[in-house]
Amino acid sequence: MLLFGKNKKENLDEMKKDKEGKFDEKNKVRILGSGCAKCVDLEKTTKRAISELNLDFLELSHVEDFVEIMKYGVMSTPALVLDGKVVSYGKKLSLAEVKKFLRDIYKI
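In structure tokens form, the structure reads like this:
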């Protein structure tokens with residue numbers, strides 16, 4: 024029996040680490056949350072923002088495993104993680120807010 028989704032693809036322990044031992048999160052966008060309505064809305068909004076800003080090289084995923092979510096230090100969802108950095112948590116963001124975060128991180 025597997026506990027806490029240990030064999031899921033999104034397991035951070037199995038992700039490639041860089042030379043400093045940090046997880047390689049470059050060009051990765053993660054939505055952290057249980058799958059509640061706010062989390063799903065944030066995922067849809069983020070997907071739309073990525074498309075409208077022509078940032079198709081970004082890899083978007085939704086992490087629902089709370090063990091994985093806690094590795095980011097997030098206690099309140101939904102959360103938006105860009106390149107391994109938690110930029111927002113505990114609230115649903117508007118399209119304009121998500122675009123601002125994307126522009127700031129990816130310098131567009």
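Okay, so the sequence shown: first residue is 24 according to the numbering used here, each after it adds one.
Just so you know, even glycine gets a beta-carbon here, dropped at the ideal spot from N, CA and C.
| For residue 59 and residue 50, the rounded distance between their alpha carbons | Rounded to the nearest angstrom, the two C-alpha atoms are 25 Å apart.
| task | In the DSSP assignment, find the unbroken beta strand (DSSP E) run with residue 82 in it and report its ends. | result | 82 to 86
| query | If residue 116 sits next to residue 65, beta carbons under 8 Å apart, how far is it from one beta carbon to the other, in whole angstroms? | reply | 6 Å
| query | How far does the beta strand (DSSP E) with residue 109 in it reach, from first residue to last? | reply | Run containing residue 109: 108 to 112, per the beta strand (DSSP E) assignment.
| query | Should residue 63 and residue 103 be called a contact, given that it needs their Cβ atoms to be closer than 9 Å? | reply | no
| query | Should residue 32 be labelled buried (16 or more other beta-carbon atoms within 10 Å of its own) or exposed? | reply | Any reading at residue 32 is ruled out, since the residue's pLDDT is 46, under 50, leaving its predicted position unreliable.
| Which class does residue 51 belong to by DSSP, given the choice of helix, strand or coil? | strand
| residue 56: buried (16+ other C-beta within 10 angstroms of its C-beta) or exposed? | buried
| task | Return the CA-CA distance between residue 108 and residue 98, expressed in angstroms with no decimal places. | result | Their backbone Cα atoms lie some 15 Å apart in a straight line.
| Around the Cβ of residue 119, are there at least 16 other Cβ atoms within 10 angstroms (buried) or fewer (exposed)? | exposed
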